[in-house]
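Per the numbering used here, the very first residue in the sequence shown carries number 142; after that it's consecutive.
Just so it is clear, CB atoms sit at the ideal spot from N, CA and C, and this is done for glycine as well.
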Amino acid sequence: METTILVVEDEEKIGRFLELELLHEGYRVIKAVNGRDGLEKAESGQADLMVLDVMLPELNGFEVLRRLRKNSDMPVIMLTARDEVMDKVAGLDGGADDYMTKPFAIEELLARIRLALKKRVGVSSMQEDKNLLTCGSLTLDAARYEVRYDGNLVELTHREFELLRVLLENKNIVISRDSLLEKVCGYDYMGETNIIDVYVRYLRSKLDDIYGVKLIHTVRGVGYCIKDEQ
Ligand code: CA
Numbered sequence: 142m143e144t145t146i147l148v149v150e151d152e153e154k155i156g157r158f159l160e161l162e163l164l165h166e167g168y169r170v171i172k173a174v175n176g177r178d179g180l181e182k183a184e185s186g187q188a189d190l191m192v193l194d195v196m197l198p199e200l201n202g203f204e205v206l207r208r209l210r211k212n213s214d215m216p217v218i219m220l221t222a223r224d225e226v227m228d229k230v231a232g233l234d235g236g237a238d239d240y241m242t243k244p245f246a247i248e249e250l251l252a253r254i255r256l257a258l259k260k261r262v263g264v265s266s267m268q269e270d271k272n273l274l275t276c277g278s279l280t281l282d283a284a285r286y287e288v289r290y291d292g293n294l295v296e297l298t299h300r301e302f303e304l305l306r307v308l309l310e311n312k313n314i315v316i317s318r319d320s321l322l323e324k325v326c327g328y329d330y331m332g333e334t335n336i337i338d339v340y341v342r343y344l345r346s347k348l349d350d351i352y353g354v355k356l357i358h359t360v361r362g363v364g365y366c367i368k369d370e371q
């Protein structure tokens, strides 16, 4: 399932930069360049999280947030200009989950997005056990959005995580590349068809290669399968 991020930012360069970085992380991106359009798109329910600039034409970020909060608890990360301390306070009081001061390091924003999404999953999951998938020493905790091997945290990108989740949900079952592509990238994915092979390679480099195990098996001409070590 793809996670969609709504970016509300009137500065074209920043908006474009955010879009490219988020796409690279495997998110879907919706953009708005003014507050009114941003609020409409946020209320449409298409996005899982909003990155919201404060200084916007038509409606400023605080006003967008205030109106949105009347009927939505979607996670919101505010972008404020440097030293606008009052903005930060107002943003958090107004129901923002987090804020970033411009200029910001993209890695930090991505980390905060992951955290806000994770918190979100945590809130909505009633049964934590159902969110725990395992294969030998490997555990994937969907509620915490966390993967561990032998207790050690494994850092994965969004798509690597989703791919691993699908493989674990179908442990010991071979899944075709097409099916993985649809589940991980969405049925309307139009990019490279070998993308799954690429992500499998990334996963292996972060799991199999580091821990000296063979978790993800290639079934030639068909697809992939994750298996318990025998
Ligand atoms: Ca702005």
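Open item on the list: Please classify His358 as buried or exposed, where buried requires at least 16 other C-beta atoms within 10 Å of its C-beta.
Closed with: As a working note, residue 358 is residue 217 in the sequence shown. Exposed: under 16 other Cβ atoms inside 10 Å.
- [ ] Tell me the start and end of each unbroken beta strand (DSSP E) in the stretch 287-358 that is at least 3 residues and wholly inside, in chain order.
- [x] 287-290, 293-295
- [ ] Mind checking which residues open and close the beta strand (DSSP E) that includes Asp369?
- [x] Position 228 of the sequence shown, counting from 1, holds the residue named residue 369. Taken as a continuous stretch (DSSP letters only), Asp369 belongs to no beta strand (DSSP E), as it is neither H nor E.
TODO: Please classify Met215: is it buried, with 16 or more other beta-carbons within 10 angstroms of its beta-carbon, or exposed?
DONE: Here residue 215 refers to the residue found at position 74 of the sequence shown. Met215 is buried by the Cβ-count criterion.
Open item on the list: Quick check: does the Cβ of Asp151 come within less than 6 Å of any heavy atom belonging to ligand 1?
Closed with: Position 10 of the sequence shown holds residue 151. Indeed, a heavy atom of ligand 1 lies less than 6 Å from the Cβ.
- [ ] Return the CA-CA distance between Tyr340 and Leu322, expressed in angstroms with no decimal places.
- [x] For the purposes of this step, residue 340 is taken as residue 199 along the sequence shown, with counting starting at 1. For the purposes of this step, residue 322 is taken as residue 181 along the sequence shown, with counting starting at 1. Looking at the two C-alpha atoms, the distance is approximately 10 Å.
- [ ] Work out the CA separation of Gly176 and Asp151 for me, nearest whole Å.
- [x] As a position in the sequence shown, residue 151 is number 10, starting the count at 1. As a position in the sequence shown, residue 176 is number 35, starting the count at 1. In a straight line, the C-alpha of Asp151 is about 9 Å away from that of Gly176.
Task: Helix, strand or coil at Asp194 according to DSSP, with G and I counted as helix - done: Taking the sequence shown and counting its residues from 1, one reaches residue 194 at position 53. DSSP places Asp194 in strand when its eight states are reduced to three.
Task: Three-state class that DSSP yields for Lys260 in the structure shown - done: Stepping through the sequence shown from its first residue, residue 260 is reached at position 119. DSSP places Lys260 in helix when its eight states are reduced to three.
TODO: Using only the heavy atoms of ligand 1, determine whether one of them is closer than 6 Å to the beta carbon of Asp189.
DONE: Mapped onto the sequence shown, residue 189 falls at position 48. No, ligand 1 has no heavy atom inside 6 Å of this Cβ.
Open item on the list: As a quick exercise: from Met219, Thr298, Leu163, pick the residue whose alpha carbon is nearest that of Lys243.
Closed with: Within the sequence shown, residue 243 is the residue found at index 102, counting from 1. Here the closest residue by C-alpha is Met219.
Task: Under the three-state DSSP convention, the category Lys154 falls into - done: In the sequence shown, counting from the first residue as 1, residue 154 sits at position 13. Of the three classes helix, strand and coil, the one that applies to Lys154 here is helix, per DSSP.
Open item on the list: Would Val149 pass as an interface residue toward chain D - the criterion being a Cβ-Cβ separation below 7 Å?
Closed with: As a matter of chain content, chain D is missing from the structure shown, which is built from one protein chain.
Open item on the list: Quick check on this structure: which residue in Gly179, Ile316, Pro198 has the alpha carbon closest to the alpha carbon of Arg208?
Closed with: Reading the sequence shown from its first residue, position 67 is the one you call residue 208. Nearest of Gly179, Ile316, Pro198 to Arg208, Cα basis: Gly179.
TODO: Could you tell me the distance, in whole angstroms, from the CA atom of Arg289 to the CA atom of Lys312?
DONE: As a working note, residue 289 is residue 148 in the sequence shown. As a working note, residue 312 is residue 171 in the sequence shown. Using only the alpha carbons, I get a separation of about 17 Å.
Task: Range of the contiguous beta strand (DSSP E) that encloses Val148 - done: Your numbering for residue 148 matches position 7 in the sequence shown. Val148 -> beta strand (DSSP E) spans 145-149.
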